[in-house]
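Trainee: Just passing along the structure, written as structure tokens.
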Amino acid sequence: MNNSTPLAGRRRDGDKEAAMSVTAKAAIAGFFLCFGLIPSIASDLPATLSRDDAVSRYKEGRLDEAVAAFDKLLAEKRGDDGLKILRAKVILEQARRMKEEKDTAYKGRVVGAYAALKPLVSRNADNPDWYYAMAKAFWLNDRASKARKAIAKALYYRPDFPEARILLGDLAFDEGLDAPPPPFSGPSVNPMEEFAAKASAEYERALQSQGLPPELRAEAYYRLGLVELVLRQKKGTARDWWSKAASSDPPGWFGKMAQGKLDTIPVTK
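Residues 5 to 273 (this note's numbering) are what the sequence shown spells out, left to right.
Printed below as a string of structure tokens:
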């Protein structure tokens, strides 16, 4: 990627040679991911596979299996835009987790997902799932303004869209991380509070969604806990949210992540 592409984000690494190497590797990986050429675990999948089977793997956080499942389905239905969008969403979720773990290879997955999504625009101009997936790709590449515009479109076509609300919360959370320090003089204030309030409001709106599935409920609770811990430095309140996340979806990714937080962050007295 370069700065002339819509997906290009800001470069923070001052070592140009290293940055170019990372970008080149990411682009190559993105190419293979986009066209399903990376050897997958498809051989471990059942002979008969449905869309619901693939989606359930995604919801359970079994992302490698989900990608392989969607690859298998797309081999039979190459023109199915819905499957392509779902596959891109799985790859973007892989990228998000990798980015949080400081794995620079996440960029390749963002490139691959974006390359798969972009050609679908003419047939999906009113599809909220397409706009949401594009928003996540922009967000993962530090294009917050473009991400917000895409989310606005997604919410226009589907006002009750909890995933989009959670992503808006993530954008506000990121802003809080970049908030300037408080001034040396004047009243003591938390410069992150404005963004903590925005993020919490979006996560709580997601929780108000009708028929919210357990994996999204657990994600919203988990992220509310991160707001309390990281932006407000309130471990006790964070643990309260994580307890709700862990009980909402014990076998799911965010349920397990929340339980891990409860096991490692001590109770405050």
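Note that CB positions come from ideal geometry on N, CA and C, so glycine has one too.
Is it right to say V114 is buried, meaning 16 or more other beta carbons lie within 10 angstroms of its own, or is it exposed?
Mentor: Buried, because 16 or more other Cβ atoms sit within 10 Å of the Cβ of V114.
Trainee: Going by other Cβ atoms of all chains shown within 10 Å of its Cβ, with 16 needed for buried, is G264 buried or exposed?
Mentor: With fewer than 16 other Cβ atoms within 10 Å, it is exposed.
Trainee: Hey, would you say L211 sits closer than 7 Å to A203, going by beta carbons?
Mentor: No, the Cβ-Cβ distance between L211 and A203 is not below 7 Å.
Trainee: In this structure, how does DSSP classify R147 when only helix, strand and coil are distinguished?
Mentor: In the structure shown, R147 sits in coil (DSSP, three-state: anything other than H, G, I, E or B).
Trainee: Among the residues of its own chain, which have a CB less than 7 Å from the CB of M261, if the five just before and after it don't count?
Mentor: Around M261: Y226.
Trainee: Are A317 and I155 touching if we call contact CB-CB under 7 Å?
Mentor: The structure shown has nothing for residue 317, since the chain only spans 5 to 273.
Trainee: From what residue to what residue does the alpha helix (DSSP H) around A242 run?
Mentor: Start and end: K239 to S252.
Trainee: Pull up the distance between the alpha-carbon of E117 and that of G180, whole angstroms please.
Mentor: The question names Glu, but residue 117 in the sequence shown is Ala. Distance between the alpha carbons of A117 and G180: 27 Å.
Trainee: Excluding sequence positions up to five away, which residues of its chain have a Cβ less than 6 Å from the Cβ of V71?
Mentor: Answer for V71: V94, listed in chain order.
Trainee: Among the residues of its own chain, which have a CB less than 7 Å from the CB of P4, if the five just before and after it don't count?
Mentor: The question about residue 4 has no answer here: the residues shown for the chain are numbered 5 through 273.
Trainee: Could you check if P166 is buried or exposed, using at least 16 other CB atoms within 10 Å of its CB as the buried criterion?
Mentor: Buried, since its Cβ has 16 or more Cβ neighbours within 10 Å.
Trainee: Give me, in chain order, the residues of the same chain whose beta-carbon lies closer than 6 Å to that of W143; leave out the 5 immediate sequence neighbours on both sides.
Mentor: Only A151 meet the Cβ criterion.
Trainee: So, is P132 buried or exposed, given that buried needs 16 or more other C-beta atoms within 10 angstroms?
Mentor: P132 comes out buried.
Trainee: Do W246 and G259 have their beta-carbon atoms positioned less than 7 Å apart in this structure?
Mentor: No, the Cβ-Cβ distance between G259 and W246 is not below 7 Å.
Trainee: What does the alpha-carbon distance come out to for the pair A176 and N145?
Mentor: So the two alpha carbons sit approximately 15 Å from each other.
Trainee: Should A4 go down as buried or exposed, given a rule of 16 or more other Cβ atoms within 10 Å for buried?
Mentor: For residue 4 there is no data in the structure shown, the boundaries of the chain being 5 and 273.
Trainee: Within the same chain, show all residues whose beta-carbon is closer than 8 Å to that of P43, passing over the 5 residues directly before and after it, in chain order.
Mentor: Note on P43: pLDDT 47, under 50, position unreliable in the model; no value is reported.
Trainee: In this structure, does DSSP put Q263 in helix, strand or coil?
Mentor: Q263: helix per DSSP, three-state reduction.
Trainee: Which parts of the stretch 37-120 are runs of the alpha helix (DSSP H), unbroken and 4 residues or longer, counting only runs that do not cross its ends?
Mentor: If we require 4 residues or more, the alpha helix (DSSP H) runs fully inside the stretch 37-120 come out as 55-63, 67-80 and 85-104.
Trainee: Would A222 and D182 be called neighbours here (beta carbons separated by less than 7 Å)?
Mentor: Cβ distance not < 7 Å, so A222 and D182 don't count as in contact.
Trainee: Should V193 be labelled buried (16 or more other beta-carbon atoms within 10 Å of its own) or exposed?
Mentor: Under this definition V193 is an exposed residue.
Trainee: For R227, name the three-state secondary structure that DSSP assigns.
Mentor: R227 falls in the helix class under three-state DSSP.
Trainee: So, using beta-carbon positions, are Y136 and A120 closer together than 7 Å?
Mentor: Contact: no.
Trainee: Below 8 Å on the Cβ atoms is my guess for R243 versus I269; work out the distance and round it to an integer in Å.
Mentor: Confirmed, about 7 Å.
Trainee: Tell me which same chain residues have a C-beta within less than 6 Å of the C-beta of F39, skipping the five on either side of it?
Mentor: The pLDDT assigned to F39 is 47, lower than 50, so where the model puts this residue is not dependable; a value taken from the coordinates is nonetheless given after this. None.
Trainee: Could you give the residue range of the alpha helix (DSSP H) that holds A176?
Mentor: A176 -> alpha helix (DSSP H) spans P166 to L181.
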